[in-house]
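Take a look at the structure set out below.
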Amino acid sequence: MYAIAATVATAIGAFFAQWPASGPPRVSIENGTVIGLSTDGVDSFLGIPYAQPPIGSLRLRPPQALTSKFGTIQATSIPKACPPLKVRGDPNMLAQLPEQLAAMMGNYFNEPTHVGEDCLTLNIQRPASTAADAKLPVLVWVYGGGFEQGSTQRYDFARLVNTSTSMGHPTIVVQMNWRVSAFGFLGGKELQKDGSTNLGLRDQRFALNWIAENIEAFGGDPSRVTIWGESGGSMSVFDHMLINGGDHSYKGKPLFRGAILNSGAAGPALPVNAPVAQKVYDTIVETAGCASSKDTLACLRGLSYEAFLNASNVTPNMFNQDGIAVAFSPRPDPTDDFFPLSPDEVIKAKQAKIASVPLLAGTMEDEGTLFALALYRAQTKDALVDVIHGIAPNAPRSVFEKLFSFYPDEPKHGSPYNTGDANELYPGYKRNAAITGDICFAFQHRVVLEAISDLVPSWSYMSSYGRQTPFIGTFHEADVALFATGFPEPIYLAMAQYLISFVHHLNPNVISMIDGGSRPLPNWPNYKKETKDMMQFTDHGLEIGQDNFRQEAFDYFNSKLHQLRW
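First residue of the sequence shown: 1, per full-length UniProt numbering; consecutive thereafter.
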């Protein structure tokens, strides 16, 4: 995937030269002693185990607590990524892009360098020399990747930690590795009967429990945790607001007090035993040679790592037209209180059972451009209906025909938006980008805000500072690149200040107010159904706009959401 951040390896390379005279940072917790590294004003602890390795008989089972102490560990090496689904992008996707842009997008097909099943670890980054009693707020990052990919290897939050310190609001950032692809989200009646559904979500929750028990030793405050995610990670964050009927407590105390959603919200999902999920399970079983086994799940657990990985890789991935319907994702299990209902069903209920925490949520202006690259064979509306109807088979074809009728064929109306007739890679590209961006991200975001803004303080935003980027505009994941690179700097500093203010004060505006004008930013109004106010991060500054674009299409989408589960 896109090379998001300066790698942690850079920090490791400077490790010995940067040690303070007192030696590397050292923290003692219940399971042992963790030795980290200190570089450029940030202490980093990498690859701390938070659960038993999910290997052998623990493959395809919920995470299990550590049963022994690990002694002293050198938390200074890049940890293993959980095994991703192999990305096999269609080379024709990139053929029409300018060479430099094609090279950048080609990075989406790069795989992690260090991968294995023994991957349930987390990273902690804090201001250097943070005292154990500092009680700093904690920001927990949940990576994206469509539940098929993703790892902590891609993200270094040293820049954000240093920015928080420079703003007088020092913050600790934690991120966990959690199982993706078939290792984390294999569905089917067999997993349901075994009580082993939605394992990636369970990993995340298990890591949040670990943070509640251990972050104080690192100088964090377990009562001031905000969870933050992007794309699939953002959908995960919203799922944690719904899990266990909205009960987000652990040992009687809340696991988090705020949530931030970047490009992902209430993903409508078919149940874990739906035909689409069962087909994936059966395909993997057949490919692995387990079809004749009396207990196919036991057979999958008994495979070698390589055999199970290879079997899972026969499923399509999201950068392939056949894989737009993500094979692996959270799916409700009605037999389990952990995640029994599709998110859209929860928020549409008269009394929504949802964690009552403030919410900051937003999207990119051109969420659909990356995915439209894979839809070059769907150059007419009828062809696109064929593709999307195959993903959401419970809706009549007429629903998609009606929904897509709100999107004109003229390129000037499509995405990347506000670029006139330019950037039409193939006939229908900008229309396809507009439709996929709306139904997969922008409209789901608005559905959530419409449903819960009366229940919890909420703020909405849209980023459109990338309009000069040809063909992909302000694309899906552009905001993560912003936090990694700090460029463009004015937008980064504004967004970082709002975010850090939210983490500390549960309100993005407080730092501006308490700094007496030294860090002035426009007041970011709450989202209300009546006004639909949102902050817009543009290439020429910050503006207050209304989240009411393509309203007629949204209203129809919202009325049919229960039929659009994937």
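Glycine included, every Cβ here is placed at the ideal spot set by N, Cα and C.
Note that the coordinates shown come from a computational prediction; the quantities given were computed from them, not determined experimentally.
Inset, instruction - Under 8 Å Cβ to Cβ from PRO520, same chain only, skipping five residues before and after it: list those, please. - result: Along the sequence shown, one-based indexing puts residue 520 at 520. Once the five neighbours on either side are set aside, the close Cβ partners of PRO520 are SER512.
Inset, instruction - Could you tell me the distance, in whole angstroms, from the CA atom of GLY473 to the CA atom of PRO316? - result: Numbered from 1 along the sequence shown, position 473 holds the residue referred to as residue 473. Numbered from 1 along the sequence shown, position 316 holds the residue referred to as residue 316. Taking the straight line joining both Cα atoms gives about 26 Å.
Inset, instruction - State whether the segment 452-471 contacts the segment 393-401, with contact taken as three or more CB pairs (one from each stretch) at a distance under 8 Å. - result: no
Inset, instruction - Could you tell me the boundaries of the alpha helix (DSSP H) in which TRP210 lies? - result: Here residue 210 corresponds to residue number 210 of the sequence shown, with the count starting at 1. Counting along the chain, the alpha helix (DSSP H) containing TRP210 begins and ends at 199-214.
Legend entry - Outcome for ALA430 when other beta-carbon atoms lying within 10 angstroms are tallied against a minimum of 16: Numbered from its first residue, the sequence shown carries residue 430 at position 430. Note that residue 430 is Lys in the sequence shown here, rather than Ala. LYS430 comes out buried.
Legend entry - Environment of GLN551 [buried if 16+ CB atoms lie within 10 Å]: Counting from one through the sequence shown, the residue named residue 551 turns up at place 551. Classification for GLN551: exposed.
Legend entry - Per-residue DSSP class, three states only, for TYR426: By 1-based counting over the sequence shown, the position of residue 426 is 426. In the structure shown, TYR426 sits in coil (DSSP, three-state: anything other than H, G, I, E or B).
Legend entry - Neighbour-count burial assignment, PRO334, 16 or more Cβ in a 10 Å radius: On the sequence shown, residue 334 is found 334 positions in, with the first residue counted as 1. By the neighbour-count rule (16 or more Cβ atoms within 10 Å), PRO334 is not buried but exposed.
Inset, instruction - Have a look at PRO54 and GLU213 and give me their C-alpha separation to the nearest angstrom. - result: For the purposes of this step, residue 54 is taken as residue 54 along the sequence shown, with counting starting at 1. For the purposes of this step, residue 213 is taken as residue 213 along the sequence shown, with counting starting at 1. If you take the alpha carbons of PRO54 and GLU213, they lie about 21 Å apart.
Legend entry - For LEU493, the nearest candidate out of LEU66, SER223, THR165, ASP133 (CA to CA): Your numbering for residue 493 matches position 493 in the sequence shown. Taking only the C-alpha atoms, the option nearest LEU493 is THR165.
Inset, instruction - Let me know the alpha helix (DSSP H) ranges lying completely inside the segment 372-457, each 4 residues or longer, listed in chain order. - result: 381-391, 397-404, 429-437, 443-452
Legend entry - C-alpha distance - PRO268 paired with GLU489, whole-angstrom precision: For the purposes of this step, residue 268 is taken as the residue at position 268 of the sequence shown. For the purposes of this step, residue 489 is taken as the residue at position 489 of the sequence shown. Roughly 36 Å separates the two Cα atoms.
Legend entry - At least three beta-carbon pairs within less than 8 Å, the segment 187-195 to the segment 329-347: yes
Inset, instruction - Give me the Cα-Cα distance between SER463 and ASP295, rounded to the nearest whole angstrom. - result: Within the sequence shown, the letter at position 463 stands for residue 463. Within the sequence shown, the letter at position 295 stands for residue 295. The straight-line gap from Cα to Cα measures roughly 49 Å.
Legend entry - Beta-carbon proximity of ASN273 to ASP337, cut-off 9 Å: The sequence position of residue 273 within the sequence shown is 273, counting from 1. The sequence position of residue 337 within the sequence shown is 337, counting from 1. Result no, Cβ atoms of ASN273 and ASP337 do not sit closer than 9 Å.
Legend entry - Closest residue to LEU58 among ASP194, GLY541, THR33 (Cα-Cα distance): As a position in the sequence shown, residue 58 is number 58, starting the count at 1. Ranking the options by Cα distance to LEU58, first place goes to ASP194.
Inset, instruction - Quick one: give me the first and last residue of the beta strand (DSSP E) that SER559 is part of. - result: As a working mapping, residue 559 is identified with position 559 in the sequence shown. That residue, SER559, is in no beta strand (DSSP E); its alpha helix (DSSP H) goes 551-559.
Inset, instruction - Please name the residue in GLY420, ARG26, ILE435 whose C-alpha comes closest to that of THR380. - result: Taking the sequence shown and counting its residues from 1, one reaches residue 380 at position 380. It is ILE435.
Inset, instruction - May I have a chain-ordered list of the beta strand (DSSP E) segments no shorter than 3 residues that lie completely inside the segment 324-375? - result: 359-364
Legend entry - Validate contact between the segment 72-90 and the segment 36-51 using beta carbons, cut 8 Å, 3 pairs: yes
Legend entry - Candidates GLY541, PRO525, ILE452, GLU424: closest to TYR465 by CA position: Along the sequence shown, read from residue 1 onward, the residue named residue 465 stands at position 465. The candidate whose alpha carbon is nearest that of TYR465 is GLY541.
Inset, instruction - Return the Cβ separation of residue 595 and PHE557 in integer angstroms, given the expectation that the two are a contact with Cβ distance under 8 Å. - result: With the chain represented from 1 up to 566, any question about residue 595 goes unanswered, as that position is not in the structure.
Legend entry - Under 9 Å between C-beta atoms of ILE347 and VAL314: In the sequence shown, the residue the question calls residue 347 occupies position 347. In the sequence shown, the residue the question calls residue 314 occupies position 314. It is not a contact, given that the beta carbons lie outside the stated cut-off.
Inset, instruction - Confirm the yes/no value for this check: CB of GLY545, any heavy atom of the ligand FMN, distance under 8 Å. - result: Among the ligands in the structure shown, none appear at all, so the ligand FMN cannot be discussed.
Inset, instruction - Could you round the C-beta distance between LYS532 and ASN548 to whole angstroms and report it? I think they count as a contact, below 8 Å. - result: By 1-based counting over the sequence shown, the position of residue 532 is 532. By 1-based counting over the sequence shown, the position of residue 548 is 548. About 5 Å separates the two Cβ atoms, so the contact holds.
Inset, instruction - Return the chain-ordered list of same chain residues with a C-beta closer than 6 Å to the C-beta of GLY264, the five sequence neighbours on each side being excluded. - result: Taking the first residue of the sequence shown as position 1, residue 264 is located at position 264. Result list for GLY264: SER231, SER234, MET235, in chain order.
Inset, instruction - Would you mind reading off the limits of the beta strand (DSSP E) that contains ASN507? - result: Sequence index remark: in the sequence shown, residue 507 carries index 507 (1-based). Careful: ASN507 lies outside any beta strand (DSSP E) and carries neither H nor E.
Legend entry - Proximity below 9 Å, CB of TRP228 to CB of ASN177: Stepping through the sequence shown from its first residue, residue 228 is reached at position 228. Stepping through the sequence shown from its first residue, residue 177 is reached at position 177. It is not a contact, given that the beta carbons lie outside the stated cut-off.
Legend entry - Pairwise C-alpha distance: ALA352 and PHE206: Against the sequence shown, residue 206 aligns to sequence position 206. Against the sequence shown, residue 352 aligns to sequence position 352. For PHE206 and ALA352, the distance between alpha carbons rounds to 24 Å.
Inset, instruction - Helix, strand or coil for ILE500, going by three-state DSSP, please let me know. - result: Walking along the sequence shown from the start, residue 500 turns up at place 500. The answer is helix: DSSP assigns ILE500 an H, G or I state.
Legend entry - Unbroken stretches of the beta strand (DSSP E), 3 residues or longer, contained in the segment 109-171: 121-127, 136-142
Legend entry - Separation of ALA553 from LEU136, as counted between CA atoms: Here residue 136 corresponds to residue number 136 of the sequence shown, with the count starting at 1. Here residue 553 corresponds to residue number 553 of the sequence shown, with the count starting at 1. One C-alpha to the other measures close to 44 Å.
Legend entry - Cβ shell of SER249 (< 8 Å), same chain only, five flanking positions each side left out: Numbered from its first residue, the sequence shown carries residue 249 at position 249. If we look at SER249 and ignore the five residues flanking it on each side, its Cβ neighbours are LEU255.
Legend entry - C-beta atoms of ALA266 and ALA392 nearer than 9 Å: One-based indexing of the sequence shown puts residue 266 at position 266. One-based indexing of the sequence shown puts residue 392 at position 392. No; because the gap between Cβ atoms is not below 9 Å, this pair is not in contact.
Inset, instruction - Output the distance between the C-alpha atoms of LEU403 and TYR376, rounded to the nearest integer angstrom. - result: Walking along the sequence shown from the start, residue 403 turns up at place 403. Walking along the sequence shown from the start, residue 376 turns up at place 376. Approximately 20 Å, taken between the alpha carbons.
Inset, instruction - Any chance you could list the beta strand (DSSP E) runs of at least 3 consecutive residues sitting entirely within the segment 244-274, in chain order? - result: 258-262
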